[in-house]
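Participant:
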Amino acid sequence: MNTLRNIILFLVTLVCVMPAHAITTEQQQQFTYYWYAARQAVEEEDFPKALVLLEFCHAIKPNDGQTLGYLGIIYNGLGKKELALDTYRQAFEADPRDQWYRYTNALKDLHTPEGEREALKVMEKALKLNPKDEDLLEMLAKQYGVDKQWKKALSMQDRLDAIRGYNVFSALNRFRVYVYCNKPKKALEAIDKYLEQDPTNIQFMLFRVELLEQTKAKTADLYAAYEQVLAVQPGHLGILNNYAYHLATHKGDLLKAERMSQITIREEPNNPVYLDTYGWILHLKGQDDLAKFYLNRALWNAGEGATQTEIQNHLDAIK
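With the sequence shown counted from 1, adding 301 to any position gets you my numbering.
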């Protein structure tokens with residue numbers, strides 16, 4: 302290593318004393334050789350060797366963004382975080398089109414409000430040069446969402462969709478934004494649009510059910526959504542429980558509700574939510590002694606919180 306370093310230092314000295322003008326063919330050949338050798342050393346995580354090699358390249362092309370970017374990787378690998386961050390900044394300034402990614406992530410890794418703000422500025426500047434960079438658009442959409450800049454987040458998603466079409470990520474990102482914005486109807490539209498492409502996607506079907514439950518949708522629409530999930534996954538316990546409870550509390554088919562609820566407690570006999578639903582259905586059927594038995598079991602298995610309170614309320618309602 303010392304021999305290699307001495308050779309490189311000698312070559313660097315020669316480069317530095319030469320007049321500042323376009324590099325020669327020989328210098329370009331030397332640059333290419335050592336640059337690829339340095340990159341190989343980086344891949345092997347031999348950062349000291351990579352640093353020696355890349356310092357030579359940097360001396361030949363001090364404003365080369367790619368070289369500066371790799372220097373940042375090397376400094377980071379050597380544990381020199383502050384130096385790495387500064388080198389990533391120099392790389393970005395030299396080549397903002399291609400060197401935004403590492404600088405952005407290094408700023409985010411600071412975990413400070415200042416770092417987050419600067420990272421956003423970096424991405425916004427890079428976007429002017431890379432208006433169709435999908436990775437950049439995705440990162441900006443996410444960051445705008447974190448910052449609750451909903452219109453900008455949706456704008457980035459619109460641009461992504463124009464490039465690659467409406468897909469699962471489009472639907473999911475729009476769903477999240479609209480939920481955060483308290484626009485459940487818009488969120489439902491995003492889910493329904495994707496379900497047109499993939500009508501048996503269970504996760505999106507469950508998102509749809511959740512939205513319908515939260516917005517107190519028409520009973521017929523909610524039951525249709527329950528049935529759609531069960532057609533794809535007949536044993537989905539959460540849907541069976543919610544469907545049964547809704548039937549029981551909205552003067553629906555108690556026998557159907559009881560059958561569904563029985564499946565849930567057979568599969569998870571200690572689940573307090575399922576036991577509570579089954580106990581309440583039994584009460585509504587006039588079987589109060591048996592209802593109390595299941596509700597007491599539910600209370601025994603419930604931790605403190607809303608579930609325990611609801612179970613206790615059901616018990617108190619039975620005289």
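Glycine included, every Cβ here is placed at the ideal spot set by N, Cα and C.
According to DSSP, simplified to helix, strand and coil, what is T413?
Facilitator: Three-state DSSP puts T413 in coil, outside helix and strand.
Participant: Mapping DSSP to helix, strand and coil, what is C358?
Facilitator: Note: C358 maps to helix in three-state DSSP.
Participant: Considering only the alpha carbon of each residue, which of V574, G373, D396 and G378 lies closest to L386?
Facilitator: If we check each option's Cα against that of L386, G373 comes out closest.
Participant: Would you mind giving the Cβ-Cβ distance between T565 and N597, rounded to the nearest angstrom? I have them listed as a contact below 8 Å.
Facilitator: Contact doesn't hold; Cβ gap of about 18 Å is too wide.
Participant: With a threshold of 6 Å on Cβ separation, who are the neighbours of Q444 within its own chain once the five nearest residues in sequence on each side are excluded?
Facilitator: Excluding residues within five positions, the ones whose Cβ falls inside 6 Å are L421.
Participant: Give the range of the alpha helix (DSSP H) segment to which A323 is assigned.
Facilitator: That residue, A323, is in no alpha helix (DSSP H); it is neither H nor E in DSSP.
Participant: Near P573, which residues of its chain fall below 6 Å by C-beta distance, leaving aside the five closest residues on each side in sequence?
Facilitator: For P573, where only same-chain residues beyond five positions count, the Cβ hits under 6 Å are A599, N602, A603 and T608.
Participant: Drop a sphere of 10 angstroms on the beta-carbon of P406, count the other beta-carbons inside from all chains shown, and report buried for 16 or more, exposed for fewer.
Facilitator: It is worth fixing the name first, because residue 406 is Asn in this sequence and not Pro. Label assigned to N406: exposed.
Participant: For R361, count the other beta carbons within 10 Å of its own beta carbon; 16 or more makes it buried, fewer makes it exposed. Which is it?
Facilitator: The sequence given here places Ile at residue 361; Arg does not occur at that position. Burial call: buried.
Participant: Taking the alpha-carbon positions, what's the G378 to L352 distance?
Facilitator: Each residue's Cα considered, the two are about 10 Å apart.
Participant: Quick one: what's got a C-beta closer than 8 Å to H359's C-beta in the same chain, skipping five residues either side?
Facilitator: D365, T368, L369 and L372.
Participant: Excluding the 5 residues preceding and the 5 following M457 in the sequence, name in chain order all residues of the same chain whose CB lies nearer than 6 Å to its CB.
Facilitator: Same-chain partners within the cutoff: L438, L441 and A442.
Participant: Can you tell me where the alpha helix (DSSP H) holding G370 begins and where it ends?
Facilitator: Segment G366 to G378, the alpha helix (DSSP H) holding G370.
Participant: Fully enclosed by the stretch 392-451, which beta strand (DSSP E) runs are 3 residues long or longer?
Facilitator: Listed in chain order, there is nothing to give.
Participant: Within a Cβ cutoff of 8 Å, which residues of the same chain sit near H551, ignoring the five residues on either side of it in sequence?
Facilitator: Answer for H551: T520, listed in chain order.
Participant: Smallest Cα separation from F594: which of Y334, H615, Y376 and G606?
Facilitator: Among Y334, H615, Y376 and G606, the Cα nearest to that of F594 belongs to H615.
Participant: Reducing DSSP to helix, strand and coil, say where Y495 ends up.
Facilitator: Y495: helix per DSSP, three-state reduction.
Participant: Determine, using beta carbons only, whether V530 and M506 come nearer to each other than 7 Å.
Facilitator: It is a contact, given that the beta carbons lie within the stated cut-off.
Participant: Select from G553, D554 and G539 the residue whose C-alpha is nearest the C-alpha of L576.
Facilitator: It is G539.
Participant: Under three-state DSSP, which class holds Y527?
Facilitator: Reduced to three states, the DSSP call for Y527 is helix.
Participant: Please report the straight-line C-alpha distance between E528 and Y479, rounded to a whole angstrom.
Facilitator: C-alpha separation (whole angstroms): 25 Å.
Participant: Beta-carbon within less than 7 Å of I464's beta-carbon, same chain only, minus the 5 sequence neighbours each way: which residues are those?
Facilitator: Closer than 7 Å at Cβ, skipping near neighbours: K433 and E435.
Participant: Could you tell me the alpha carbon to alpha carbon distance between G536 and P414, rounded to whole angstroms?
Facilitator: Whole-angstrom Cα-Cα distance: 46 Å.
Participant: Apply the 10 Å Cβ neighbour rule to Y404 and answer buried if 16 or more other Cβ atoms are within range, or exposed otherwise.
Facilitator: Per the 10 Å Cβ criterion, buried.
Participant: Excluding the five sequence neighbours on either side, which residues of its own chain have a C-beta within less than 8 Å of the C-beta of A472, listed in chain order?
Facilitator: Only A491, I492, K494, Y495 and F505 meet the Cβ criterion.
Participant: Which same chain residues, not among the five before or five after R460, have their C-beta less than 6 Å away from its C-beta?
Facilitator: Cβ neighbours of R460 beyond the five flanking positions: L438.
Participant: How many Å lie between L548 and E605 at the Cα?
Facilitator: Their backbone Cα atoms lie some 27 Å apart in a straight line.
Participant: Consult DSSP for A518 and reduce its assignment to one of helix, strand or coil.
Facilitator: Coil, per DSSP.
Participant: Counting contacts by CB-CB distance shorter than 7 Å, is W336 in contact with chain B?
Facilitator: Of the protein chains in the structure, only one exists, and it is not chain B.
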